[in-house]
Amino acid sequence: MDSAATRSSQDTIQQFEKYVIPNYGRYPICLVRGAGQYVWDAEGKRYLDLFPGWGCNILGHSPAPVVKAIQKQVESLIHIPNTWYTEAQGDFAEMLCTRSFGKAFFCNSGAEANEGAIKLARLHGMPKGKYKVITFERGFHGRTLATVTATAQPKYHDGLGPMMPGFKYSPYGNLKAVADLIDPETAAIMIEPIQGEGGINIPPEGFLQGLRKLCDEHGLLLIFDEVQTCMGRTGTWFGYQQFNVQPDVLTMAKGVAAGVAAGVLICKTEIAPSLRPGMHASTFGGNPLAMAAGIATMKMIEDEGLLANVTKMSARFRQHFEALKQELSIIKEVRTKGMMIGVDLTIPSKPAVGKCMERGVLVNSTQDSVLRLLPGLNITEAEVDEGCAVIADVLREMAAEAD
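The opening residue of the sequence shown carries number 15 in my numbering; numbering runs sequentially from there.
Shown next, in the form of structure tokens:
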């Protein structure tokens, strides 16, 4: 099959320059097709995608069971508002909650799910005058005004002030600092169990357990932002299951529907009534197409044993990068948890993205020095080896340039 498009990448770039607001930094390539862990550009060049859809394409590109489920669903219902019941939404809610806890609210994105969690915390705490939320430095929670305020990174606040009141920021991993921020108006603590955009930061031993204890002692909600760590990304269905700490509220998005826009908020059953009718909604949330895709995603993960594959491939990535760390002094630390991989460098990591792309491998740079990968859960040994070989060559080249 010829995967080249009828138009060149440059043709599409010129069209964007004329009609699309330039609020994204885009690479000068138009992608036209994807299959498994690979994508092709308009000129027919193939790339191994180790950061597919910023982690949304959790099963790679166009996984057959998800494609078939969407095709079947579109023949009967495309969209039905939430003033009616639909079978697909009920089925997906049951699948999610029986593998976690509580009850589900559906929306379209991680920002929407986190916005709902913040509202839920305020509504739940309102009778006692509680509304403040403690979040963590280097965390990331979304782009709405509330979730960007919750994101304790000044670079995301620039030009948007004044920010929304009611948020306090703590250093990540410091229980005493968190305890010192709690006051009678504190409603919740909100944290990513593993920080993604922050650089694949894994919590210190006992930290999440300590947060659970603080919440129990002070009557606070513990909110886990699992936008990146949901749907098997870490090797268990949800990231909290890696640490044996159950939150009161769980948010997810990205891989929920294998690339179809979908977000979910799950909360304990006893908390759910606080999100009462009229206080939060999402017009397209829980639409039949996204629900069908989500159901197919969960079935594919189970049918193909992908949770076990995550653990196996994670160890393979780590083996490659730990060996490279022994070779190259520019590698400061390797951090992995399932299919979340961060290679922290002593030099800027962004040049590696372009160099890898030239060699046909797509990766990401975050926090200036971290090379970040969020591969598909169904990646193979050969694909891991292929990607790591290219990254190793690039990092060797960068190390030589740094000397």
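From the three backbone atoms N, C-alpha and C, an ideal C-beta is built for every residue, glycine too.
Report task. Tell me, please, whether the region 73-86 touches the region 301-308 by the rule of three or more beta-carbon pairs shorter than 8 Å. Result -> Here the region 73-86 makes contact with the region 301-308; the two share three or more CB pairs at distances below 8 Å.
Query raised in the report: In three-state terms, what does DSSP make of S383?
Result: Your numbering for residue 383 matches position 369 in the sequence shown. S383 falls in the coil class under three-state DSSP.
Query raised in the report: Mapping DSSP to helix, strand and coil, what is A160?
Result: Within the sequence shown, the letter at position 146 stands for residue 160. Correct three-state label for A160: helix.
**Report entry** Residues of its chain near E157, where Cβ-Cβ distance is below 6 Å and the 5 sequence neighbours each way are ignored
**Finding:** Walking along the sequence shown from the start, residue 157 turns up at place 143. Checking the sequence, you will find Arg at residue 157 rather than Glu. For R157, same chain residues with a beta-carbon under 6 Å away, outside a window of 5 residues either side, are A125 in chain order.
**Report entry** Segments of 4+ residues assigned as alpha helix (DSSP H) that fall wholly inside the region 194-264
**Finding:** The region 194-264 contains these whole alpha helix (DSSP H) runs: 221-232 and 254-257.
**Report entry** Whole-Å CB distance - I344 paired with A416, under 8 Å assumed
**Finding:** Numbered from 1 along the sequence shown, position 330 holds the residue referred to as residue 344. Numbered from 1 along the sequence shown, position 402 holds the residue referred to as residue 416. Confirmed, Cβ separation roughly 6 Å.
Query raised in the report: Buried or exposed: N258, going by 16 or more other Cβ atoms within 10 Å of its Cβ?
Result: Position 244 of the sequence shown, counted from the first residue, corresponds to residue 258. The residue in question, N258, is exposed, as its Cβ has fewer than 16 Cβ neighbours within 10 Å.
Query raised in the report: Would a C-beta distance cut-off of 8 Å place R40 and Y52 closer than the cut-off?
Result: Within the sequence shown, residue 40 is the residue found at index 26, counting from 1. Within the sequence shown, residue 52 is the residue found at index 38, counting from 1. Cβ distance not < 8 Å, so R40 and Y52 don't count as in contact.
Query raised in the report: Taking just the CA atoms, how far does V162 sit from H155?
Result: The sequence position of residue 155 within the sequence shown is 141, counting from 1. The sequence position of residue 162 within the sequence shown is 148, counting from 1. The alpha-carbon separation between H155 and V162 amounts to approximately 6 Å.
Query raised in the report: What did DSSP end up calling D417 once you bin it into helix, strand or coil?
Result: In the sequence shown, the residue the question calls residue 417 occupies position 403. The answer is coil: DSSP assigns D417 none of H, G, I, E or B.
Query - Beta-carbon contacts of M412 that lie in its chain and below 7 Å, excluding the five residues immediately before and after - result: For the purposes of this step, residue 412 is identified with residue 398 of the sequence shown, where counting begins at 1. Cβ neighbours of M412 beyond the five flanking positions: I344, I361, P365 and A366.
Query raised in the report: Thinking C-alpha only, which one of A131, A135, M312 and G220 is nearest R113?
Result: Your numbering for residue 113 matches position 99 in the sequence shown. Comparing Cα-Cα distances from R113 to each of A131, A135, M312 and G220, the minimum goes to M312.
Query - Where the beta strand (DSSP E) through G308 begins and ends - result: What you label residue 308 is simply residue 294 of the sequence shown in a count that begins at 1. From DSSP, G308 is part of no beta strand (DSSP E) but of the alpha helix (DSSP H) over P302 to D317.
Query raised in the report: Which runs of the beta strand (DSSP E), 3 residues or longer, sit entirely within the region 76-161?
Result: Entirely contained in the region 76-161, the beta strand (DSSP E) runs reaching 3 residues are, in chain order, 117-121 and 146-150.
Query - Complete runs of the alpha helix (DSSP H) confined to the region 317-347 [at least 4 residues] - result: The region 317-347 contains these whole alpha helix (DSSP H) runs: 320-341.
**Report entry** Cβ neighbours of M178 in the same chain (closer than 6 Å, five flanking residues each side left out)
**Finding:** Locating residue 178 in the sequence shown gives position 164, counting from the first residue. Excluding sequence neighbours, M178 sits near L159, A160 and T163.
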